[in-house]
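Chains as they are written, first to last, in the numbering used here: chain A, 5 to 111; chain B, 88 to 203.
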């Protein structure tokens with residue numbers, strides 16, 4: 005079974021800071037998702053990637069298949085980015101979710 | 088990208104009643120839909136996998152008679168929580184895929200169920 009570790013678990017930063025959230029997994033995967041969950045619970049799918057790098061607005065996601073590691077970056081962070089960010093990996097036995105990173109951006 | 092909707096987004100019901108949650112793929116045909124549950128401050132947990140036109144496959148520990156799943160069409164799956172109890176209060180999320188595998192999944196926004 006894949007072990008998915010996210011770091012940090014909690015992160016508080018000031019508005020404008022560059023944010024990095026990391027996700028490591030133990031077994032080879034076919035794809036990786038980054039999800040955003042707002043305080044009300046709603047889920048937003050940010051990225052699904054299997055190699056390289058994707059960018060959407062101020063968000064950038066990278067994955068290194070050999071190192072079994074992915075990062076989610078937020079540039080010019082804003083208080084509205086405050087949310088829980090969840091990494092989920094797709095393996096032979098389906099999706100395995102990380103426990104999430106709770107991000108707070110202070111004005 | 089592909090869009091998945093859920094309805095309702097929030098529901099409050101009384102203990103003993105049944106609640107139906109809908110999951111729709113809006114711009115693609117979903118051969119497979121997945122239902123997840125999330126307890127407060129915990130990760131999403133897969134409850135069941137449903138393929139269009141066939142019975143859902145439930146994960147160990149999930150009561151199939153309590154959580155009825157119907158995937159009657161390629162764009163709609165429903166989860167019915169029967170005889171709801173307060174411990175069923177949770178956040179329920181669906182995802183949809185058009186492939187046979189679980190890679191290309193698109194997530195719905197979730198439904199918060201509160202049973203009083």
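For every residue, glycine included, the Cβ atom is placed at its ideal position computed from N, Cα and C.
- Rounded to whole angstroms, the separation of the alpha carbons of residue 96/B and residue 56/A is 34 Å.
- Three or more Cβ pairs drawn from the stretch 83 to 94 of chain A and the stretch 32 to 40 of chain A lie within less than 8 Å of each other, which places the two stretches in contact.
- Just so you know, the alpha carbons of residue 168/B and residue 8/A end up roughly 30 Å apart.
- Boundaries cannot be given for residue 143/B, as no beta strand (DSSP E) includes it and DSSP labels it neither H nor E.
- Collapsing the DSSP output to three states places residue 7/A in coil.
- Listed in chain order, the non-local C-beta contacts of residue 48/A below 6 Å within the same chain comprise 40, local neighbours out to five positions each way being set aside.
- The C-beta of residue 84/A has fewer than 16 other C-beta atoms within 10 Å across all chains shown, which makes the residue exposed.
- With 16 or more other Cβ atoms inside 10 Å of its own Cβ, residue 175/B counts as buried.
- Partner residues in the beta bridge of residue 18/A, as assigned by DSSP, are 110/A.
- Taking a C-beta distance under 9 Å as the contact criterion, residue 12/A and residue 105/A qualify as a contact pair.
- In the displayed model, residue 124/B falls within a strand according to three-state DSSP.
- Around residue 131/B, the same chain offers 123, 124, 125 and 180 as residues with beta carbons nearer than 8 Å, after the five sequence neighbours per side are excluded.
- By the rule that beta-carbons nearer than 9 Å mark a contact, residue 166/B does not touch chain A.
- Between the stretch 189 to 203 of chain B and the stretch 146 to 165 of chain B there are fewer than three C-beta pairs closer than 8 Å, too few to call the two in contact.
- Taking every protein chain shown into account, the CB of residue 43/A has fewer than 16 other CB atoms within 10 angstroms, so this residue is exposed.
- Taken atom to atom, the span from the alpha-carbon of residue 103/B to that of residue 170/B is near 4 Å.
- Between the C-alpha atoms of residue 62/A and residue 46/A there is a straight-line separation of about 20 Å.
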